[in-house]
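Protein chains: 2
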Amino acid sequence: MMVNKIIVAVDTVILAIGDKGMEVFLIKIKNEPYEGCWALPGAVVQDTESLDDAAKRVIQQRVGDKRIHVKQLYSFGEVDRDVRGRSISVAYFALLSDKKLIKPMLNEQYSEMGWYGVDSLPKMAFDHADILKTARIKLTFMLDEVGVVSKLLPKKFTLSELQKVHEILSGKKIDKRNFVKKTKIDDEIVDTGEMKKGEAFRPAKLFRFR
Amino acid sequence: MMVNKIIVAVDTVILAIGDKGMEVFLIKIKNEPYEGCWALPGAVVQDTESLDDAAKRVIQQRVGDKRIHVKQLYSFGEVDRDVRGRSISVAYFALLSDKKLIKPMLNEQYSEMGWYGVDSLPKMAFDHADILKTARIKLTFMLDEVGVVSKLLPKKFTLSELQKVHEILSGKKIDKRNFVKKTKIDDEIVDTGEMKKGEAFRPAKLFRFR
DNA sequence: TCAAAAGTGTTCTGATTACACCCATGT
DNA sequence: ACATGGGTGTAATCAGAACACTTTTGA
Chain A
1 MMVNKIIVAV
11 DTVILAIGDK
21 GMEVFLIKIK
31 NEPYEGCWAL
41 PGAVVQDTES
51 LDDAAKRVIQ
61 QRVGDKRIHV
71 KQLYSFGEVD
81 RDVRGRSISV
91 AYFALLSDKK
101 LIKPMLNEQY
111 SEMGWYGVDS
121 LPKMAFDHAD
131 ILKTARIKLT
141 FMLDEVGVVS
151 KLLPKKFTLS
161 ELQKVHEILS
171 GKKIDKRNFV
181 KKTKIDDEIV
191 DTGEMKKGEA
201 FRPAKLFRFR
Chain B
1001 MMVNKIIVAV
1011 DTVILAIGDK
1021 GMEVFLIKIK
1031 NEPYEGCWAL
1041 PGAVVQDTES
1051 LDDAAKRVIQ
1061 QRVGDKRIHV
1071 KQLYSFGEVD
1081 RDVRGRSISV
1091 AYFALLSDKK
1101 LIKPMLNEQY
1111 SEMGWYGVDS
1121 LPKMAFDHAD
1131 ILKTARIKLT
1141 FMLDEVGVVS
1151 KLLPKKFTLS
1161 ELQKVHEILS
1171 GKKIDKRNFV
1181 KKTKIDDEIV
1191 DTGEMKKGEA
1201 FRPAKLFRFR
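Given below as structure tokens:
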């Protein structure tokens, strides 16, 4: 078999629901040639780890919770995607129920980190703007898939919180009564019997996924 | 950036409708350690070509028609996927309207080639059985996507041929009258005015995609 | 008492399903 | 004449969309 010199990397699209709707976690690059640009957290894949394991390693470096699932998104392999040399990137999703799960952590390569609304991204390094564009399209189709919505919510959640996730992912406003009707039918969504109290309005029932 | 020794390959899942339903084009490996096993056509990605270009190169080597589209399926990167050494494979789909588009072509590495029903695969090399399993699952979801069905049909086709593709991809039997009703509504499917003659039964109207 | 979000049903429309017989052709 | 797939309509059911007001709480 021939040998090639292509670097294999993984990049992770870490998403959570925030004030600006769907938000993505980015880090700011300190050094040339992408100084000042923002990037998805990533790493070079090691000989001894699978692609999935490399993605999990990147996530676990950034996130306190060990049980974050990653899901492969797409592989990007344009010849000029990184001006420093030929590489391919296998991109992964990681969905967080809470932005605060991210550990503050910077190093010699990254000067800053933060969350950005997917509609108001800063200047991106490499082909990471393309990766995010692809991620947004895929995410819309993933709405119905098992687990996508649940990973973006805490264990117990109100119907309004659930509805908001659906609205953000689909990009459409949903009628509350129709939405309630569907959750009533859905076996996966269970009433915990508890209420979310302490807000300046009527307490809401808390639900969970089965 | 670190250097790794991971080989980047592309493998292509070439599919067409045949007597056995969905069929996949495979080649038989001549040499150890996978002697006698069957594999998806593939190649090592070169420094100077993108992943998509590498997949197109593999397809064009095998298929007479230049205009076959490829679509990325998934990337496979288990550490032990190839006993000869560490590699990752970016798998692609290619959908053919006719099995006969394949050019007969063997070389020093491959002793045989042929089509297999996706339900009756021979002994597969590498992780290619996994790749095909993933391909089958994805294909079901791709039914509604633009172009998937059309690429598996000739330019002009009868409603029965169209229905058969839907049935094979979805794995479900469809009622003929209900199916006709839906195609009547679908703007993409146009009556050519021509008929498919010369068969031992009533001639059928020929349709095309817009 | 006010602001804010929770909670709750009915009607209409369009899409999906189920179902059976005669027709045109080549052999 | 017969075997084979082509071609056709109606009724029932189900899912999705539209639509507005009262309730509960903390401030």
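For the record, the sequence lines run as chains A and B. Following the working numbering, the numbering of the first sequence begins with 1 at its first residue and continues without gaps. Following the working numbering, the numbering of the second sequence begins with 1001 at its first residue and continues without gaps. Each residue gets a CB set at the ideal place from its N, CA and C atoms; glycine is no exception. Treat the numbers as computed from the prediction; the structure is a model and nothing was measured.
- Under the Cβ distance rule, GLN72/A counts among the residues neighbouring chain B, one pair being separated by less than 8 Å.
- Secondary structure of GLN72/A (DSSP, three-state): strand.
- VAL1008/B and ILE131/A do not touch by the CB rule: their CB atoms are close to 17 Å apart, not below 8 Å.
- Against chain B, a Cβ distance below 7 Å from GLU78/A picks out SER1050.
- In this structure, the CA atom of GLU1194/B is about 13 Å from the CA atom of LEU1159/B.
- Assignment of beta-bridge partners to SER89/A by DSSP yields ALA9/A, PHE76/A.
- Shortest Cα-Cα distance from ASP1011/B to any of GLU1035/B, GLN1072/B, LYS1028/B, CYS1037/B involves GLN1072/B.
- For VAL190/A, the secondary structure class from DSSP, reduced to helix, strand or coil, is strand.
- Pairing TYR110/A with HIS166/A, the inter-Cα distance amounts to about 33 Å.
- At a cut-off of 8 Å between beta-carbon atoms, SER1089/B makes no contact with chain A.
- Here ILE1029/B carries a strand assignment [DSSP, helix/strand/coil].
- Per the coordinates, the alpha-carbon of ARG67/A lies some 24 Å from the alpha-carbon of ASP191/A.
- Any Cβ of chain A closer than 8 Å to the Cβ of SER1170/B would place that residue at the interface, and such an atom is absent.
- Distance check between ALA204/A and each of PHE157/A, GLU188/A, LYS184/A places PHE157/A closest, using alpha-carbon atoms only.
- The C-beta of ARG86/A comes closer than 8 Å to at least one C-beta of chain B.
- Of the candidates VAL1083/B, LEU1040/B, ILE1088/B, MET1113/B, the residue whose Cα lies closest to the Cα of SER1075/B is ILE1088/B.
- With contact defined as three or more Cβ pairs closer than 8 Å, the region 75 to 86 of chain A and the region 1037 to 1056 of chain B are in contact.
- When DSSP assignments are scanned along the region 1144 to 1173 of chain B, the uninterrupted stretches of alpha helix (DSSP H) that are 4 or more residues long and fall wholly within it turn out to be 1148 to 1151, 1159 to 1170.
- Taking GLY64/A as the centre and dropping the five residues before and after it, the same chain places the C-beta of LEU101, ILE102, LYS103 closer than 8 Å to its C-beta, in chain order.
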